[in-house]
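All remarks here apply to the structure that follows.
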């Protein structure tokens, strides 16, 4: 397996359709429904992307139009994102924690003409803001809405949009090649902690550049049939690039975590090989492990400290240890490190 080049695909849409074609019926996106992990295949996802993109065009979306996306991490989030880009639009992800004022600012500042929302609950604050966003013409909802959207806005159910798209001409894959690398892929707003949220413009090329960089960095670990566990919000540029676009670029499966409170159990169920993370998570996991070791005390605590000592020494010596310490290292690897690895599912190669 060689390095990945930046010009491997002209844009993210071409990358997605290329991978979907080669992976076919293989599982792609996973989420838990009725206590069971359920997947949709690459083929199914590409079909839904195509249908939704055609519907968006039929609803009047033209090149460069903005579409706000308000949803939790899910297969539908991914399908919506690629459908927007495939239709020539620009995705504007919004946090599910946004207030009506946050939504109003993003809708008006971005000039969004369509919004896609997952639940009736999330739609409440979005629709309050929509009345003051004159350019917004349509809201597509995955769930049925419980309230009116205002006289200037048409509401459409996700499944109806997919059905409508199915009746439209399909030339998306051939047209995807014409999306320029420097065209905007998404407009991601800052959290607003430092003042009014600002839209950060990310091109197809800039995100592909991150994919190439991650690939060439992780290549030494061996990239094959990778499994990602995604728990950070896709509305953040970090997870969007490293937890969505990069896994797609290597044809990986992506599991969507049930949330931070269930992350530990999800890790052991999914057994990911790669995942994105943040320093805070490392800190929490480290403290949990250290607390367990301290409470166990005695021989277990001594073995744990020995495993840390030998690991650090081996790392500083470039992976080598004196003969007698090599034997000890093998012992603590089996007794201590295997258990720690098990907490992460036992197959984790790297946390990005």
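In full-length UniProt numbering, the protein residues as written are 1 to 352.
For each residue, glycine too, the CB sits at the ideal point set by N, CA and C.
Distance from the CA atom of residue 293 to the CA atom of residue 265, rounded to whole angstroms, is 20 Å. Secondary structure note for residue 237: its alpha helix (DSSP H) is the uninterrupted segment 237 to 240. Shown here, residue 192 sits in coil according to DSSP, grouped into three states, outside any helix or strand.
By the Cβ test, the segment 118 to 138 is in contact with the segment 148 to 156, since at least three Cβ pairs between them sit closer than 8 Å. The beta-carbon separation of residue 118 and residue 70, rounded to 7 Å, stays under the 8 Å limit for a contact. Going by DSSP, residue 33 is part of the beta strand (DSSP E) stretching over 27 to 33. The beta carbons of residue 257 and residue 94 sit no closer together than 8 Å.
Of the candidates 8, 153, 133, 229, the residue whose Cα lies closest to the Cα of residue 139 is 153.
By the Cβ criterion, the segment 44 to 58 is not in contact with the segment 267 to 285, since fewer than three pairs of Cβ atoms, one from each stretch, lie closer than 8 Å. Spatial neighbours of residue 289 in its own chain (CB-CB distance under 7 Å, excluding positions within 5 residues in sequence) are listed in chain order as 340.
Beyond the five residues adjoining it in sequence on each side, residue 202 comes within less than 6 Å, by CB distance, of 185, 186 in the same chain, given in chain order. Residue pairing of residue 187 in beta bridges, as defined by DSSP: 201.
Annotation for residue 17: 46, 173, 176 place their beta carbon closer than 7 Å to its own, counting only its chain and skipping 5 residues before and after. Taking the Cβ atoms as the reference, residue 96 lies roughly 6 Å from residue 72, within the contact range of under 8 Å. Here residue 329 is buried. Its C-beta has 16 or more other C-beta atoms within 10 Å. The C-beta separation of residue 347 from residue 273 comes to about 5 Å, placing the pair in contact by the 8 Å criterion. Scanning 30, 60, 86, 74 for the CA closest to the CA of residue 178 turns up 86. Under the DSSP definition of a beta bridge, residue 276 lacks any partner. Around the Cβ of residue 121, a 10 Å sphere holds fewer than 16 other Cβ atoms; the residue is exposed.
By the criterion of at least three beta-carbon pairs nearer than 8 Å, the segment 99 to 113 is not in contact with the segment 202 to 219. Counting the other CB atoms within 10 Å of its CB gives residue 160 a total below 16, which places it among the exposed residues.
For the options 335, 250, 327, 295, the alpha carbon positioned closest to that of residue 19 is the one of 250.
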